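**Q** Numbering (the numbering used here), first residue to last: 2 to 80.
1. When the Cβ atoms of the segment 44-53 are set against those of the segment 19-34, are three or more pairs found closer than 8 Å?
2. How big is the Cα-Cα spacing for residue 15 and residue 34?
3. What does the alpha-carbon distance come out to for the pair residue 58 and residue 78?
4. Take the Cβ of residue 56 as the centre, count every other Cβ of all protein chains shown within 10 Å, and call the residue buried at 16 or more, exposed below.
5. Using C-beta distances below 8 Å, list every residue in its chain close to residue 38, excluding the 5 sequence neighbours before and after it, in chain order.
6. Please confirm if residue 58 has its CB atom under 8 Å from at least one CB of chain B.
7. Is it buried or exposed, residue 21, if we count other Cβ atoms within 10 angstroms and call 16 or more buried?
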């Protein structure tokens, strides 16, 4: 891939607006940028590198949300 294309792929990833405090999302973006710097710059590969960690983060979020709902229900029963 040309240096210009690598720069474009990196620019796209860098443009992902990750909110302050979104540690996992920032780590995913930063790790993808490192991969691009090391030559893993194919756009399809970049997408593949993003999907796995996003699925894991989503799974963790689902588990934590379900636990929070259980705790809320427990607190509501107590009041």
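For glycine and all other residues, C-beta sits at the position ideal for the given N, C-alpha and C.
Since we're looking at a predicted model, the values are computed, not measured.
**A** Well, looking at it:
1. yes
2. What you label residue 15 is simply residue 14 of the chain shown in a count that begins at 1. What you label residue 34 is simply residue 33 of the chain shown in a count that begins at 1. Each residue's alpha carbon lies about 8 Å from the other.
3. On the chain shown, residue 58 is found 57 positions in, with the first residue counted as 1. On the chain shown, residue 78 is found 77 positions in, with the first residue counted as 1. Computed Cα separation, rounded: 30 Å.
4. Numbered from 1 along the chain shown, position 55 holds the residue referred to as residue 56. Exposed is the call here.
5. Residue 38 sits at position 37 when you count from the first residue of the chain shown. These residues qualify, in order along the chain: 11.
6. The structure shown contains no chain B; it is built from a single protein chain.
7. To locate residue 21, count along the chain shown from 1; it is residue 20. By the 10 Å Cβ count, residue 21 comes out exposed.
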